[in-house]
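Heads up, the sequence shown is in the UniProt record's numbering, so the first residue is 1 and it goes up one at a time.
Using N, Cα and C, we set each Cβ at its ideal position, and we do this for glycine too.
Note that the structure is a prediction, hence the values are computed from the model and not measured.
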Amino acid sequence: MDPMSEVEYRRNWKPCAKCLIKTPEEMPGMEKLYWNLKELFVTHSALISPVYYAFPKDTDEVAEVVKKVHQARGVVRVRSGGLSYGPYSACRRGDIHYLFPFTPCVVMDLTRINHTQFRPPDRGLHEITIGGGALMEQLLQPFISRKIAIPFGGSGKVGVAAYIMGGGLGFMSRELGLLSDLVFRMTVVLADGSVMEGVSKEEESDLFWALRGGGGGNLAVVTEITLHLPANFAVSACEAGSRVYEMKYAEQAYQFWFDKAIDTADTEKWNLQFVLTPEEARINYVLDRDADIAFNDTEIPLKSQKHTRNLSEFYTNVLWPEEQSPRNESVFSYFLKYPLQWSALQGLRMGFAFARERGAQVMNLKQTKLICEPLGGKIDRYSQGESAFAWRQAQAFCYLRVSWVDVSRRRDFENHFIAYFQHPPFSQYVLGGYINFLHPSLGKYEDRYYGHNKEKLREVKETYDPDSFFNFPLAIRKADVPHSRHHRHVHRHPNIMDNGATYRHMTTAGAVFTLVSVMILFGSLALCLYCVKKEADPSFSVAQSTQQAGQRFMQMVATQNRVSPTRWGRPAEGGRKAGKSSTDGLVSYQPLVGEGEVRREGEGGVELGKVRKGGMGER
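Here is the structure:
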């Protein structure tokens, strides 16, 4: 879409008191609501401010907002939980690099569309319908109270729709599968504002495939999701909890986790998570047996232990309090071909230490945490083509979370850390990254996050969003648009903490400095050559050198074209007297229009020839 002119903007874009799309001045109450919800943002929320925002309450209002923004050639950012590590659910200066300053950007918050509906089991199935803005913590108690288990996400504040669109990988996915595999149908709003209900395997199957694992913000706005769960898909009597070990026993604890992850790869009842921090190691677990029996083959001294038979309590008191993501956090995610050996894990820690040492003078780390979970089980029971989730064959999933106190200069750390893991031994383990943990500093992001599905996702986008209305720096790009042009801002803003202005000033200053440096370099080189030539030939002058260079150039042109230089024109009117001069052998040029004579002046006098129409002469 072409950017709007300012006249078009003033004519087509007129927010008003009766419109769904508001400015902060028009909706002071909603402004307060926005800033309260803004605290849910994981990263950099203090640097985010939308030009406009909207809080639709149903699918029709979502369609109205999308249609209006599309007609105005604007940009919409869709948000449910706000836990986007980019943050790509917000309007940021610099991300929208291809637009004029008066292009509207709207943050559309779906948190008002948070309804849930449970239907009694019918033909062996539970049917649960949820709104596109519902959060994980809103579903926890209703699900658990009905003895229904699903693979909940790593935070209670994550939006369910966004979680599903990224694949729906959770702590209990080995036993329960991906949440996206349980989706029966969807209601979505397309880029032109049209509403499409009943998107499923039977209706609009390609879109249904892409919306389950292809990532949010790429194709459509999901406003409602219906899940089908088996009636016996209930929380069994289980033991859940956490075992904490001192750092000196971290290797033994990890080896226990590693052995169990390998030995139980074909089973679904061992849900283990290994967590490593600078102070301690921890194993979180949900088991179908008594924990003491499950861990009876290890004699590792415990630092502390928590255990419960209440899965809701496990999520809220064991997993989620630590996973309530603070702002200013980086996440590096890796799907692995097989679980890391302890030596490779130590390599990861060494890489972190290396990066931290290199960047120690420019940032202050608040908290670090490495989390590893075994995969397999029901995740790879489905075929690779079941959904757009690309990493079913992975055997483990690890991610490193880094929280910051001072984020203004974290770019150096990230560059060193990322570069460290582009090489063996760690790189040989890696398949790709988790699309719900997008990181803008990683190159070739389509291969990393979309994997082998990227070409099919491009085809689906061409069908349902040909104008790329739904777009952000790491979105699926159209097949005919080069990577460097479509996402220049990914490379232009490698430091995602920058609000744009500082980086632009740095870029301008750097360009000026480079230009001046190049000019000085060439000037110095020319001066040196002149001095050498002058010393060898005191009669040498710049004018003479330039004239000789011109003569050599004309002779070269004449030789290459195998015709006399006289073919290019006629001597200037008046000519010159015969005789030697510093310009003997040169041709005076005058454009030719029709037939006529040409003359070549030189020592031998004047040479005549015929010229054909078009100005080409014969010797």
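- Around the C-beta of residue 620, are 16 or more other C-beta atoms found within 10 angstroms, so that it is buried, or is it exposed? Nothing about residue 620 can be read from this structure; the chain reaches only from 1 to 619.
- Item | Selection from ALA253, LYS303, VAL275, SER524 that minimises the alpha carbon distance to PHE397 | Start at 1 with the first residue of the sequence shown, and residue 397 comes out as number 397. Checked all of ALA253, LYS303, VAL275, SER524; the closest Cα to PHE397 is VAL275.
- Message: I want to know whether the stretch 373–382 touches the stretch 173–183 - three or more CB-CB distances under 8 angstroms.
- Response: yes
- How about LYS456 and ILE476: do their beta carbons lie closer than 7 angstroms? Walking along the sequence shown from the start, residue 456 turns up at place 456. Walking along the sequence shown from the start, residue 476 turns up at place 476. Taking 7 angstroms as the Cβ cut-off, LYS456 and ILE476 do not qualify as a contacting pair.
- Query: Span of the alpha helix (DSSP H) holding GLN255?
  - Reply: Stepping through the sequence shown from its first residue, residue 255 is reached at position 255. Element bounds for GLN255: 250–263.
- Bridge partner(s) assigned by DSSP for GLU459: Locating residue 459 in the sequence shown gives position 459, counting from the first residue. Per DSSP, none; premise fails for GLU459.
- Would the beta-carbon of ASN284 fall within 7 angstroms of that of MET172? What you label residue 284 is simply residue 284 of the sequence shown in a count that begins at 1. What you label residue 172 is simply residue 172 of the sequence shown in a count that begins at 1. Not a contact, by the Cβ cut-off of 7 angstroms.
- Message: If I measure Cβ to Cβ from TYR445 and keep anything under 6 angstroms in the same chain, skipping five residues before and after, which residues do I get?
- Response: To locate residue 445, count along the sequence shown from 1; it is residue 445. Result list for TYR445: LEU474, in chain order.
- Item | the stretch 185–194 / the stretch 248–259 touching (three or more Cβ pairs under 8 angstroms) | no
- Item | Simplified DSSP state of PRO142, which is helix, strand or coil | Position 142 of the sequence shown, counting from 1, holds the residue named residue 142. PRO142 falls in the helix class under three-state DSSP.
- Message: For a quick check, are the C-beta atoms of THR226 and THR129 less than 7 angstroms apart?
- Response: Numbered from its first residue, the sequence shown carries residue 226 at position 226. Numbered from its first residue, the sequence shown carries residue 129 at position 129. Taking 7 angstroms as the Cβ cut-off, THR226 and THR129 qualify as a contacting pair.
- Query: Do SER155 and LEU110 have their C-beta atoms closer together than 7 angstroms?
  - Reply: The count along the sequence shown starts at 1 and reaches residue 155 at position 155. The count along the sequence shown starts at 1 and reaches residue 110 at position 110. No, the Cβ-Cβ distance between SER155 and LEU110 is not below 7 angstroms.
- Item | Element boundaries [beta strand (DSSP E), containing GLU61] | In the sequence shown, counting from the first residue as 1, residue 61 sits at position 61. From DSSP, GLU61 is part of no beta strand (DSSP E) but of the alpha helix (DSSP H) over 59–71.
- Item | Limits of the beta strand (DSSP E) - the one that LEU287 falls within | Indexing the sequence shown from 1 puts residue 287 at position 287. Its beta strand (DSSP E) spans residues 280–287.
- Report the three-state DSSP secondary structure of ASP380 (helix, strand or coil). Locating residue 380 in the sequence shown gives position 380, where the first residue counts as 1. ASP380 falls in the helix class under three-state DSSP.
- Query: Can you give the beta carbon distance from GLY159 to GLY133, rounded, assuming they're within the 8 angstroms contact cut?
  - Reply: Reading the sequence shown from its first residue, position 159 is the one you call residue 159. Reading the sequence shown from its first residue, position 133 is the one you call residue 133. The pair is a contact, with the Cβ atoms about 7 angstroms apart (cut-off 8 angstroms).
- Out of GLU313, ARG119, SER242, THR463, state which residue places its alpha-carbon closest to the alpha-carbon of ASN218. Mapped onto the sequence shown, residue 218 falls at position 218. That would be THR463, whose Cα lies nearest to the Cα of ASN218.
- Query: Which residue's Cα is closest to the Cα of GLN71: VAL512, PHE469, ASP447?
  - Reply: For this step, residue 71 is matched to residue 71 along the sequence shown. Among VAL512, PHE469, ASP447, the Cα nearest to that of GLN71 belongs to PHE469.
- Message: Assuming LEU169 and TYR434 are in contact, meaning their beta carbons sit under 8 angstroms apart, how far apart are those beta carbons, in whole angstroms?
- Response: The residue you call residue 169 lines up with position 169 of the sequence shown. The residue you call residue 434 lines up with position 434 of the sequence shown. Correct: roughly 7 angstroms between the Cβ atoms.
- Message: Quick check: what's the CA-CA separation for GLU203 versus PHE437?
- Response: Taking the sequence shown and counting its residues from 1, the one referred to as residue 203 is at position 203. Taking the sequence shown and counting its residues from 1, the one referred to as residue 437 is at position 437. Roughly 30 angstroms between the two C-alpha positions.
- Task: State yes or no: is the C-beta of VAL188 within less than 7 angstroms of the C-beta of ALA220?
- Result: For this step, residue 188 is matched to residue 188 along the sequence shown. For this step, residue 220 is matched to residue 220 along the sequence shown. Yes, Cβ-Cβ distance for VAL188 and ALA220 is below 7 angstroms.
- Message: Here's the rule: buried if 16 or more other CB atoms are within 10 angstroms of the residue's CB, otherwise exposed. What is LEU527?
- Response: Position 527 of the sequence shown, counted from the start, is the residue given in the question as residue 527. It counts as exposed.
- Going by beta carbon distance, what residues of the same chain come within less than 7 angstroms of THR298, once the five residues before and after it are set aside? In the sequence shown, counting from the first residue as 1, residue 298 sits at position 298. PHE256, listed in sequence order.
- Message: Quick test of your reading: ILE113 and LYS57, contact by CB under 8 angstroms. State the CB separation rounded to the nearest angstrom.
- Response: In the sequence shown, residue 113 corresponds to position 113, counting from 1. In the sequence shown, residue 57 corresponds to position 57, counting from 1. Contact holds; Cβ gap of about 7 angstroms.
- Item | CB contact flag (VAL430, SER330, <7 angstroms) | Position 430 of the sequence shown, counting from 1, holds the residue named residue 430. Position 330 of the sequence shown, counting from 1, holds the residue named residue 330. For VAL430 and SER330, no; Cβs fall outside 7 angstroms.
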